[in-house]
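Each residue of the sequence shown is one higher than the one before, counting from 36 in my numbering.
Glycine residues also receive a C-beta, built at the ideal position from the N, C-alpha and C atoms.
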Amino acid sequence: MSVNMFSRRALQLTTRRLSQASGQEILANQRLHRPVSPHLAIYRPQVTWYLSALNRITGATLSGGIYVFGAAYLVAPLFGWHLESASLAASFATLPIVLKVALKAFVAFPFTFHGLNGIRHLVWDTGAAITNQQVIWTGWTVVGLSVISALGLTFL
């Protein structure tokens with residue numbers, strides 16, 4: 036006796052036109068039975084959240100800056116711009132000291148933070164410092180070292 040593994044079952048479906056009010060009522064009823072997922076607002080913020088976001092922001096900022104400068108450097112001869120090292124250094128030297136410090140800090144902190152946080156991630160890849168307490172401790176360590184090294188680079 037052979038068993039037919041491929042059977043066809045036909046369903047008879049019909050459609051009907053609903054009024055807008057009836058459709059809205061069905062939709063409202065369906066929404067009542069949907070699961071509600073928790074929102075971030077119910078959780079206590081943690082340092083890991085902020086450092087994750089800051090790592091992505093600093094990475095995008097640094098790479099975006101490199102791409103913009105690279106593109107500008109390539110088209111500089113077409114527009115008569117002088118983006119050579121000597122002209123950039125001379126232009127930077129004419130800025131007020133407060134603006135120089137602000138610009139150096141604006142570049143130094145993302146660079147140091149992203150670099151140090153990248154080392155932190157490489158340490159995690161080895162399986163070390165992965166407990167919750169160690170992750171929090173290394174996070175604050177990265178923040179502290181980033182601030183100190185950024186200040187050092189800013190005031191060189």
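Straight-line Cα distance separating residue j from residue i
i	j	result
Gly100	Thr50	56 Å
Val71	Gln59	20 Å
Leu96	Leu53	Residue identity check: residue 96 is Thr in the sequence provided, not Leu. When rounded, the distance between both Cα atoms is 51 Å.
Val182	Ile61	56 Å
Ala163	Leu180	19 Å
Trp116	Phe104	12 Å
Ala76	Ala63	25 Å
Ser120	Phe127	10 Å
Gln208	Arg91	In the structure displayed, the chain extends from 36 to 191; residue 208 sits before or after that span and is not available.
Spatially closest choice to residue i from the options, by CA coordinates
i	options	result
Ala143	Trp84, Ala107, Leu113 and Ser184	Ser184
Ile187	Phe146, Tyr78, Val103 and Leu75	The sequence shown places Gly at residue 187, rather than the Ile named in the question. It is Phe146.
Ile132	Arg44, Leu67 and Leu191	Leu191
Chain-order list of residues whose beta-carbon lies under 8 Å from that of residue i (same chain, five-residue window excluded)
i	result
Gly174	Val82, Thr83, Leu86 and Arg155
Short Cβ contact (8 Å threshold) for residue i with residue j
i	j	result
Thr189	Val136	yes
Leu118	Ala107	yes
Phe141	Leu89	no
Ile165	Trp159	yes
Residues near residue i in its chain [Cβ-Cβ closer than 6 Å; skip 5 each side]
i	result
Lys139	Thr189
Val177	Leu151, Asn152 and Arg155
Pro80	none
Ala111	Leu118
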